[in-house]
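The block underneath contains the structure these notes are about, expressed in structure tokens.
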Amino acid sequence: MDYLELGHLIQKYAIKNVYVCPDIFQECNIVDFSKLQWDEVKFMSEPGKLHKDMEKLPKKGGIYIFCAKHHLLPSLTGQIMYIGRAHISSTQNLKKRCREYLKEEKRPKIVLMRENWWDKLSIFYTVLDDNKVIDEVERRLIQSVQPPFCSEIKDVTLRKAKKAFS
Numbered sequence: 030m031d032y033l034e035l036g037h038l039i040q041k042y043a044i045k046n047v048y049v050c051p052d053i054f055q056e057c058n059i060v061d062f063s064k065l066q067w068d069e070v071k072f073m074s075e076p077g078k079l080h081k082d083m084e085k086l087p088k089k090g091g092i093y094i095f096c097a098k099h100h101l102l103p104s105l106t107g108q109i110m111y112i113g114r115a116h117i118s119s120t121q122n123l124k125k126r127c128r129e130y131l132k133e134e135k136r137p138k139i140v141l142m143r144e145n146w147w148d149k150l151s152i153f154y155t156v157l158d159d160n161k162v163i164d165e166v167e168r169r170l171i172q173s174v175q176p177p178f179c180s181e182i183k184d185v186t187l188r189k190a191k192k193a194f195s
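The numbering of the sequence shown is our numbering, which starts it at 30 and goes up by one.
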């Protein structure tokens with residue numbers, strides 16, 4: 030591979046403006062993040078096909094996180110790509126919600142994530158039993174990590190940068 034091809038690959042898979050804001054966790058007292066149990070399933074086995082691990086997802090509410098994991102560092106969590114939630118209801122749960130990402134076509138960032146990293150994506154999830162807690166945990170995680178494929182960062186005001194010195 031020559032440098033031009035490498036440059037095109039880097040541009041294709043570039044994830045820009047990744048931030049981590051751990052101070053936001055300190056403001057959250059609705060749940061003890063250290064006590065949440067996170068489990069992992071592989072998202073896809075081949076393009077357009079869910080991995081058999083997806084059957085392990087519970088029909089309960091909670092938080093899910095798409096991570097891109099590399100085979101060279103399999104024991105590491107990987108790059109957090111997207112954070113979402115599944116409320117507890119008769120029509121929604123973690124299993125149903127996470128499966129919907131296979132067919133998502135209306136959200137360009139989700140399509141890009143799925144198409145470019147399908148073979149690297151794992152879903153980490155935790156079960157929560159209160160919709161208010163689910164909303165707050167999702168909001169705090171998104172604010173703290175600001176995943177590149179979340180289109181909306183809730184309750185955060187972003188402004189154009191200003192020069193510090195004239």
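All C-beta atoms in this analysis are idealised placements derived from N, C-alpha and C, irrespective of residue type, glycine included.
Note that this is a predicted model, so its numbers are computed, not measured.
query: Among K64, F62, H99, whose alpha-carbon lies nearest the alpha-carbon of W146?; result: H99
query: Can you tell me where the alpha helix (DSSP H) with I163 in it begins and where it stops?; result: 160-174
query: Leaving aside the five residues before and after I92 along the sequence, list all residues of the same chain whose C-beta is less than 6 Å from its C-beta, in chain order.; result: R114, T155, V166, E167
query: Report the three-state DSSP secondary structure of S119 (helix, strand or coil).; result: coil
query: Using DSSP with H/G/I as helix, E/B as strand and the rest coil, what is E84?; result: helix
query: Just curious, the beta strand (DSSP E) that K200 is in, first and last residue?; result: A query on residue 200 cannot be resolved here, the shown segment of the chain reaching from 30 to 195 and no further.
query: So, are the CB atoms of D82 and K64 less than 8 Å apart?; result: no
query: Would you grab the beta carbon distance between L157 and G90 for me? Rounded to a whole angstrom, and I think it's under 8 Å.; result: 6 Å
query: Quick check: the Cα distance between S173 and I109, rounded to an integer number of angstroms?; result: 11 Å
query: Would you tell me roughly how many angstroms separate the C-alpha atoms of P196 and D164, rounded to the nearest one?; result: Limits of the chain in this structure are 30 at one end and 195 at the other, which puts residue 196 out of reach.
query: Return helix, strand or coil for S151, following the three-state DSSP convention.; result: strand
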